Amino acid sequence: MKSNLVLIGFMGCGKSTVAKILEKSLEMKLIDIDKEVEIQEKCSIRNIFEKKGEEEFRRIESRVVEEFSKKNNIIISTGGGVILDEKNIENLGKDGLIIYLDVDRKVLYNRLKNSSNRPLLDGEGLWERINTTLDTREELYKKSAHYNLEIADESIYEVADMVKKIYIEKG
Ligand code: S3P
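Its first residue numbered 24, the sequence shown is counted upward by one per residue in this note's numbering.
Structure below.
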């Protein structure tokens, strides 16, 4: 049996899009943890942050991660903060190959500057916010992953191909 394929990385790194491409080409079921949180809570991520706060969001996120880590042969696309709780990584890694989409910061900035659905990036100073948040998370992403995929200007399809190759070889 193949292990799960788990994508981690910063907001805007392309986890969800790559996962959707691979859902078709690997013919595997896809679980997007953020979407699952919204379905289970019947509430958008933004509303959960606003009404219940980040701590509660993290509790729900961990519960959903635990639930889906027990499945087999699925693609799991995670939220960017999943690495903040090491229990999440323990769960995801039990039967999952974890790949970090390590995207160049300027590329992240260009994608995120037009995004409005990420509560942690609200407000002024997006570039500084990306840098300070990534400075605290970068090592966590790297040490949580089995594979660190460095991405500069490759297209999302090229990235999906690279991920697929790693998974077919090692998953
Ligand atoms: C978060 C990333 C978001 C979402 C939430 C918190 C984070 O997911 O889970 O807004 O802490 O990095 P994406 O990485 O899919 O944007």
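All residues carry an ideal CB built from backbone N, CA and C; glycine is no exception. Since this is a predicted model, take the numbers as computed values, not measurements.
{"Item": "C-alpha gap between Gly32 and Glu73, whole angstroms", "Value": "23 Å"}
{"Item": "Short Cβ contact (8 Å threshold) for Gly35 with Arg128", "Value": "no"}
{"Item": "Status (buried if at least 16 other CB within 10 Å, exposed otherwise) for Leu143", "Value": "exposed"}
{"Item": "Buried or exposed (CB count within 10 angstroms, at least 16 for buried), Ser139", "Value": "exposed"}
{"Item": "Where Glu177 falls: helix, strand or coil (DSSP)", "Value": "coil"}
{"Item": "Member of Gly148, Asn114 and Val130 whose CA lies at the smallest distance from the CA of Asn27", "Value": "Asn114"}
{"Item": "Own chain partners of Tyr123 with C-beta closer than 6 Å, once the 5 adjacent residues on each side are dropped", "Value": "Ile31, Gly32, Tyr164, Ala168 and Asn171"}
{"Item": "Heavy atom of the ligand S3P within 7 Å of Lys38 beta-carbon", "Value": "yes"}
{"Item": "beta-carbon Asp57 near the ligand ATP non-hydrogen atom, thresh 7 Å", "Value": "The ligand content of the structure shown is limited to the ligand S3P, which means the ligand ATP is not among them."}
{"Item": "Secondary structure of Lys110, DSSP reduced to three states", "Value": "helix"}
{"Item": "Sequence ranges, alpha helix (DSSP H) only - wholly within the region 108 to 160, length at least 4", "Value": "109 to 117 and 128 to 135"}
{"Item": "The beta strand (DSSP E) enclosing Val29, as first and last residue numbers", "Value": "Asn27 to Ile31"}
{"Item": "Sub-8 Å separation of Glu61 and Ile54 beta-carbons", "Value": "no"}
{"Item": "For Val105 and Asn137, the rounded distance between their alpha carbons", "Value": "23 Å"}
{"Item": "Cβ shell of Thr101 (< 6 Å), same chain only, five flanking positions each side left out", "Value": "Ile31 and Ile56"}
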